[in-house]
Every structure is written in structure tokens, then in C-alpha cells.
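End of the first sequence sits at 2121 in our numbering; the numbers just go up one at a time, nothing left out.
Every residue gets a Cβ at the ideal spot worked out from N, C-alpha and C, and that includes glycine.
Right, one structure below, let's go through it.
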Amino acid sequence: MDEKYFAKKIEQKWQQKWAETEAFKTEIADAMPKFYQLEMLPYPSGNLHMGHVRNYSAGDALAWYKRLKGFNVLHPIGWDSFGQPAEDAAVKRGINPRKWTEDNIEIMRGQLQRLGISYDWSRQIYAHTPEYYKFDQWFFLKMWEKGLAYKRLTQVNWCSHDQATLSNEQASGGLCWRCGNPVTKKDLEQWFLRTTAYADQLLDDIPQIEGGWPQNVLKRQSDWIGRSVGTYVDFEIRASGDSLFYCPIIEGLTSSSHLGKGRVRVFTTRIDTIFGVNALVLAAEHPVIQANMDNFSEEVSSKIAVIRVENAKPADHEAEIEKDGIDTGLRAINPFSGEELPVWVGNYVMMEYGTGAVMSVPAHDQRDFEFAKRFGLPIRQVISEPHLAHEHHSMHALALERAFGDYGVLIHSDSWNGLTSDKAKLDMTEYAIKHGFGEEATTYRLRDWGISRQRFWGSPIPIVYCLECGVVPEKYENLPVTLPEDAPITGTGESPLAKVPEFYNAACPQCEGPAKRETDTMDTFVDSSWYFFRYTDPHNPNLPVDPDTAAYWMPVDQYIGGDDHAVMHLIYARFWTKVLRDIGLVKFDEPFKRLLTQGMVVGETFFDDESGKRTYFPPDAVNVTRDAKGKITAAETPDGKVLKFAIERMSKSKGNGVDPDEMVEIYGADAARLFVLFAAPIENELVWNEAGIEGGVRFLQRVWRIAHKWSMSPAWHNGVSSNGDSGGNARNLRRKTHQTIRRVSESFESLQFNTPVAALMELSNAIGDLGGEPSTADEEMVFAVREAITALTLMLTPFAPHTAEELFAVIIGNEDGMLANGARFPVYQESLAKADLIEIPIQVNGKLRSKIMVDPDTTTDELQEMAIADEKISEYTMGKEIAKVITVPGRLVNIVIKN
RNA sequence: GCUGGGGUGGCGGAAUUGGUAGACGCCCAGGACUUAAAAUCCUGUGACCUUAGGGUCGUACGGGUUCGAUUCCCGUCCCCAGUACCA
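Here it is in C-alpha cells:
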């Protein structure tokens, strides 16, 4: 029994014990309630950073808590080991991507083990192994069969820095998710997964997870899916005379028989404003425009070409784009009013959304308003605030300063006058349908998921191109389509597999004739879309997951990760789960019951960007000036070069990274883990400040010391008992113990990690503050202290498992470990947690004037009497009239006096 | 601009959802132990006033509701995140 706390020694001891006994290996156990604790799997970049430590410390705390609560806990880990950095390393340093990846996994696994995270290591998965990516391909074939995988030529998001395609989600905000450079467009043939087929379900299933997910993640997802319900309206198009103009059928919108020669379809959510239309505005890329470029005047066609070029440029986020456009000379007929309208091309109309054409209603849409102002087009108000409707209707022209976008009452709208917007939308849509120029319509912002990547280090897409048979899926029995050992990787954006004949030359699965394989690989987000299923059945050679096994473990009870994946990964994973369900592998809709998004770990960075490129300087090589509040005011290098500074996500390349190994070496894994959870609420950003971690060490040392001190007491191991009416300090300590158990349990249930640590510190302070020597303490006292230290040790386990295991061994005199001993999280007893005396504040006119100690069961009347009789209070009430006394039992008394 | 979330000591942050604001920790100051230091322990630590006791102010700012507001309502300012012409 070591009396000095020596973190490294006990950490090594227990890590070894856990490994030898496979302490965290989990099997299906029908008799026990299950708990599936999951953290987002790491990309093997080379080193853990503090963000990982925070993520896994929180997950491990919950895993331990649930184990001690008697749950059968699945807590797995794996590696998201396909992806571009491996190829970057290959280009830059000539290392084989597989070697680079596997070396990194080794390093990071070691780091995780030194942190003592309680994973079931037997379930590790590696995305880059054929055993895993075989099922990426299996899913792809299933989706192909269901019409959910298809190929088409399209404009893809292209990152010119990474030389790679990006999905819409990965190009969110017009910037590459990996490198942050602007995204441009490029024409490519791509494989897509039909996520849009599940758009409605992805939205409509949100109520199933609503309580368990952060509001803002759900909101971002629904914004991203962007469902909007409205109406298609078809406008007849004419050349300036009255001859019908040529309007080709618009692809993707051919479901309507009304389309075709002479009509253009718009999408609107506000058909109630249709009497206010002053023009039709089409995107420059609109097929009607493009098909008629030769028919336009020179001025018009060159302007359209200019707009098209401008549209293709990467978006500038700062600048508001000025409205621009040109009247094409075409005319459209408003089907409601018969009015003839000009047809414009406008730079603010996007081909990718709706139908690429809008009816412009300047009075009720701000964009149309700006457009109309710019080009002097007429503005006609047709919706009014209900109380002004009558007045407005009798006026011809109203001067609006900006568009009136609210719902209201229709004016200047023929037989629809006086209807509310809601009613008019229904009636007018019905009218349009009846007369053959409209349809109900729902549009989405969500696009299908482009998964083709011109990359080597990813799952090959199991498709073969045969001259005879065309596009042929590989047979299931031929899976996996194995990645070759190596390929010429250039990083220039061509597919490396296209240069490996042994890979791409294949026999057609149908006719067995010569054929070529698809040489693109899948987006790495495919791997992470279903890995959590695989953990439940990691070695199944036939199926991605056995349905019965999945039924026991899934869904994930608690998922923890960064909210940078709020849209990308989490929408793909939800989509994939619904596909699994429709394939028949699982019976539920949502993969993650509860989601916790942890904040980033950030630190101070110092850099200069003279050459337009940022060069970072490590903080310890910079001279920093701070103001009184500790904020940096200036920074320079020792040789006097002035640097810029910012608070940014920690990373090695920025020089502000903290190496977890170093933390473990200096302070110990337990202290590092405890501190990272204590320092800030888990969902907040955490500005790394190493000073605080000392406090974690001190706390663990204090616990260690008091536990050893009291365990020396002769009565400690001899089965002390309480006669049930301990008084004085013993009673006070027992109360504190049970109050702490209650607080800590409640905190875990509500996913708080910083407050339970504070509660444990208070309890250890309470034990430490006890006077007296263990050798002379009476039995009641030893009993109370033993209870307190035992509870403290068990409750400390989720934060500092090594220390807790060692203390537990000291307390019960057995080295097998808590789980082997069937240790359970302590349970609080209400009667013991209850206070004997409580302090009641007494206020006079809402201001605190005195405090009295009373029995918790004191009645309202008694409290009131005592309050008025209180010496200090009578000073205030003397000679004044007491108007009212408010008494809240167990809380306070407030005496209201008149002056 | 729009949407969502926030603004509490020198710092990270507590506060049973209307009831003693500042728990716990960091930093800092003073003291004990020590030849000295480290470690440890003790004390103090929102601001201002006060001779003791104590008093006044204080949760971004201005109003309001209430016996009582960090908490609820209205207005203003600021910060963070998401989004960007979504028709």
C-alpha cells in the first residue's frame, strides 16, 4: 500500500490489469439493460489532440457511470482510416498511404491506452481494411438495386487546392470543409446516392430524437434539407409579337404534361401575390434562355453570357452582390390576370433551386423589390395589413420603402380581394390546377450525395463498364473489390486507380467479356455513415451487421462528438440508417437516441501572414504583452518581429497544440482527464490554460491522502457499523455524503461533467476538514468516514478510473478491480441527505437582514413568528407597520413594512 | 440581413428554473512549517464606504411586472455560431 500518490505507477498497473482481464469486453447479455456509448471515431492523423481527449474523457465517464449503474455497456473504438491526408503524405513524402495510416493508428492507439479509456478493444474496426470496405460496396450494390445509387454528368463542387470533388455538404458556405479554400464548379461524371429520396423522412423523424439532440443541430439539419411547400405556375411565353416561342422541355420537371412548347414554369410559395407580378425572371442557365441565345439581340445575349460567367465564380462572402439582369424581349402571360409581362434574366435567380425561374413580385419580396428599383420596373402592392386593407385597396400606388413580406389580406386581386393569404394560397392553387397551369409543389434545398472521388485511398466503387452490357454492378460473391497495394499518386486530381491496369481490367460480371472497372473511390464519409452498426458485430463475414445483434445493441444510447459534423456526418448517418431499415437489417428509424456536441478546445495562436500565407509561431517562442484582464495586446518574436494573434482550434501545425502524452507524463492521465471535464461545461469552447490542471492533481492527491490516512484506523477493516443515530460531525459527514451522491447522480443523468467534479471536491474537503485522528475516532465516525470515502472513490471512477481502482483496492483489500467485485455506484438515502437544521434567510422588503437556523419541518406560522421575533429584524420593524409577511416554507421569510 | 445561443468577480464557471448571487477550481496576497525552497496546511480574495458592528451598490444597459428578478416581459447595445439572394 503506497502512501504517496504516484500517478504513473498506478496508471500503468491498472492499464495492464484491464488489458489482461479484458475488463471492458462486452457480450450480449439479455438479462442486463444495455447501454451503447459511442464517440465519433477518430481519423488517424498521427496524434491525439486535446479535442480527442475531451471527447473520449466524457464518453468514458458515461461508460463507467453506466457500468457502475449495472448496465451492460458497449464502448467501442475504431479508425476512420480512409481519406486524403494519407495521399497527401504519399505525395509529399513518398510514403505508402497504408503504411502511413497504420503507423498513425499504432501511435494513437498507444495514446488512448495511456489515457486509460475503457474500450472494448476486441471490437476495433479499420475502414481501410477489405473486411470493412467490403460492406461499403455491399451497401452500394443494395442501393443500386433500390435505385438509390446512380451516375450522372453534373457540375460538381471542386476544390482547386485539394484537387478534389466535394459533396454539397462538404462545400457548405462555398468553402472546402478540409482546407477552407473557395469551391469552384467543374463538369464531371459522378456517382450519387439518392439522399433526396429520404428528405421528408429526415425531416419528419426529427420529433423522434428531439429531446435527445441539441436544438441547434436539429435546426441546422432542417435548414439544410430546406423543405418548402408551394405551387408551380406555368406562364405562357411569347416573342414580342404573338407567335409562340420555343421552350424546350426542362429536364427534371417533365412530370407535368403542361410543360413543353410555349410555357415556362415557376415555383412560388406565395401564389397569393400573383396579381403583383411585374416580370418573370429566369436564371441565365435556364434552358429556355440557353436554347434561344441565337434569337436574342446581340446586346441581350452578350449580357446573359456575362451573367453566366459571373455566376460560376466562387462566391464572395463579404460583399453583397448587386442585382443585375436584362430584359430579353420575350413576353409572358400572367395566367390569372391575362396581363402581358416582360421576361428578364436576373443574376439573383439560381438554376439549382426550384425551377430556375421566378415570378417577380417586388411589393412582397425584397429581392424582387431591389431588382425592380434598379431597373425602374412597376411595383404593385397586392397584400395589405388586414386593418389597412380597405384603405389600401382604394389607392392606386403606394410608396413602399421595402417589400412587405408578411401574410395579410389580398387587394387589387380581382375576385380574390379580401381573402387572407392563407386562404388565397389554397384557393388560387386549386384554381391553377383546375385550369391546367399549376401544380402543388414541394422543393428541397437538399441535393443528392455525390460520392465519387478521384482518389486512391478509399473504397473502390463496385461497378464495371462493359462494352456489351454497359454499366454492370459487381456480383456480391466477388466482393470486396480490393484496392491494390499501391498506385501512382500525384495529387493532381486524376484517379490513381486509372493507372493500374491490374485493378481496372476486369471481366464483366454479366457476360464475362473484357471490361473496365470504375476507377473512382467512395467519399470517406461513406465509411463513417454506418460504422456504429459494425461495432455491434465487427467480425461478421457475411453481413455488415447481424439483424439480431443490431436489435440488441442499437440504437446508440449516447453519441458524443463535435458539432462540426452537425450537417455532414450526422445527416449521412441518419440517411444510411433509414436505408438499413428499408433493406430489412434493422427495425428503427434513428441511429442515435441522444447526441452531445462538445465544444472545441482552443488556444492562443501567433502568426504572420506577410506573404499571404500564414506562418505560425509556437507560443513559448513569442514575447506577449497582456492587459490587466490577461488579454493579449501585442506579440512579437524575440528578434522584434510583430506578430498577429488569435484564439483558434488547437493543432500541431499552429504550434498551439498540447500533446496529450506530455500531459499524461507530467500530471497523469487521471488528472488530465478530470481537469478537461472540470474546466468548462462540455458544450462550451474550452480555452486551454495549463495552470488549472495542477488543481486536478492536488485534488487527487488530497483524496489519496485522506483515504490512506483513514484506512489506517484499526476499526476501518474490522466491519464498523453505525447504530443509526450518529450525531455531530459523523452525522454531518453522512449528510454531505448522501447529498453529494444525489448531486453527482443527477449531473450524470443530465450530461454535466463539471459540476459533479465540484461536488466531489466539496465532499473531499468535508472529509479533510474533520478534526481528530483516525486512531482515536469513535466507531460512528470511522463508519461515516468509510462511507464517505467509499462513495467518493466510486463516484470518482468515471473521472479518474486508475486512482479510483487503486483506492477501491485499498478500501476493500482486494486487487481484482471494481467490475470483478461487482462494485456499484452509491445510492443516496433521502433520510440521510436531509438536513437536521436549515438556514432560513429573513428579508425586510426583499433585502437580506438576518438568518435563523430552524428544523426543516417548521410550519409557516412558526417561521413567521420566529422571524418577527428576531433581534436584528426588530431593529428594522420597530415603530413601522408590518404590511405583509411572505413565508416560503424551507426557503425564506420576507417581511414587508410600510415606511 | 435572417435564424439560433449568449453577456455573472482578475479568469474558467455555480445558482434546486422567481427566493441567501459568486459553489468548486485557477490566479493573487498574507501567515504557519523549513536554514532555505518545493510540497502541504491555514486565512483573505466582487466593488465602494466604515472605528467595531455593519452599510451601500452589484449578474451588459434602460424600463416594467412582483413582497422579492441573474431567472419573467418590453426596448437598446455587444459577442458567438449557423446561413446567405431558397423564390
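Around the Cβ of L1985, a 10 Å sphere holds 16 or more other Cβ atoms; the residue is buried. Spanning the alpha carbons of I1963 and T1799 requires a straight line of approximately 38 Å. Counting the other Cβ atoms within 10 Å of the Cβ of C1688 gives 16 or more, which makes it buried. In the DSSP assignment, L1792 falls within the alpha helix (DSSP H) that extends over 1790 to 1805.
Its chain contains E1391, S1394, R1442, Q1443, W1446 as the residues whose beta carbon lies nearer than 7 Å to that of V1789, once the 5 sequence neighbours on both sides are disregarded; these appear in chain order. Its Cα nearest to that of A2089, the residue P2063 stands out among G2101, A2105, P2063.
Within the same chain, and ignoring the five residues on either side of L2070 in sequence, the residues whose Cβ sits closer than 7 Å to its Cβ are P2063. DSSP links D2000 through a beta bridge to no other residue.
One thing to note: I1605 has its Cβ within 8 Å of the Cβ of G1630. With fewer than 16 other CB atoms across the displayed protein chains lying within 10 angstroms of its CB, C1733 is exposed.
With respect to H1787, M1330 sits apart: the two C-beta atoms are not nearer than 8 Å. Secondary structure of F1839 (DSSP, three-state): strand.
Contact between F1755 and A1772 holds, with the beta-carbon distance rounding to 6 Å and staying under 8 Å. Closest in C-alpha terms to Q1333, from the list P2078, S1303, V1275, comes V1275.
The continuous stretches of beta strand (DSSP E) do not include W1775, which lies in the alpha helix (DSSP H) extending over residues 1769 to 1775.
The straight-line gap separating the alpha-carbon atoms of G1672 and A2031 is approximately 55 Å. Contact annotation: the region 1313 to 1322 does not touch the region 1765 to 1781, with fewer than three C-beta pairs closer than 8 Å. Straight-line measurement puts the Cα of I1548 at about 44 Å from the Cα of A1795. In terms of CA proximity to Y1653, D1494 leads the group D1494, L1622, H1612.
If the five residues before and after A1308 are omitted, its C-beta is found closer than 6 Å to the C-beta atoms of P1319, W1322, T1323, W1679, all from its own chain and listed in chain order.
Of the candidates L1284, Q1306, L1290, Q1306 places its Cα closest to the Cα of I1711. Between the alpha carbons of F1362 and Y1757 lies a distance of about 20 Å. As a beta-bridge residue in DSSP terms, R1871 pairs with V1824.
Contact between G1300 and Y1753 holds, with the beta-carbon distance rounding to 6 Å and staying under 8 Å. As the crow flies, the alpha-carbon of H1612 is around 25 Å from that of D1590. When the beta-carbon positions are compared, T1491 and V1455 stay at least 8 Å from each other. Counting C-beta atoms within 10 angstroms of its own C-beta, D1644 has fewer than 16 neighbours from the protein chains shown and is therefore classed as exposed.
Under the 8 Å Cβ criterion, the region 1999 to 2016 counts as touching the region 1950 to 1966, having at least three qualifying pairs.
For the pair Y1666 and G1396, the CB atoms are not nearer than the 8 Å cut-off. Within the model, the alpha-carbon separation for S1750 versus L1973 is close to 24 Å. Between the C-alpha atoms of D1670 and N2043 there is a straight-line separation of about 52 Å.
According to the DSSP assignment, E1562 belongs to no alpha helix (DSSP H) but to the beta strand (DSSP E) extending over 1562 to 1568. Across the structure, L2014 and Y1258 are spaced so that their CA atoms are roughly 26 Å apart.
Excluding five sequence positions before and after Q1961, the CB atoms of its chain that fall closer than 8 Å to its own CB belong to Y2050, A2055, given in chain order. Nearest to D1770 by C-alpha distance, out of G1784, V1801, T1743, L1807, is L1807. When the five nearest sequence neighbours on each side are left out, the beta carbons in the same chain lying within less than 7 Å of the beta carbon of P1702 are those of P1352, Y1355, K1356, Q1359, in order along the chain.
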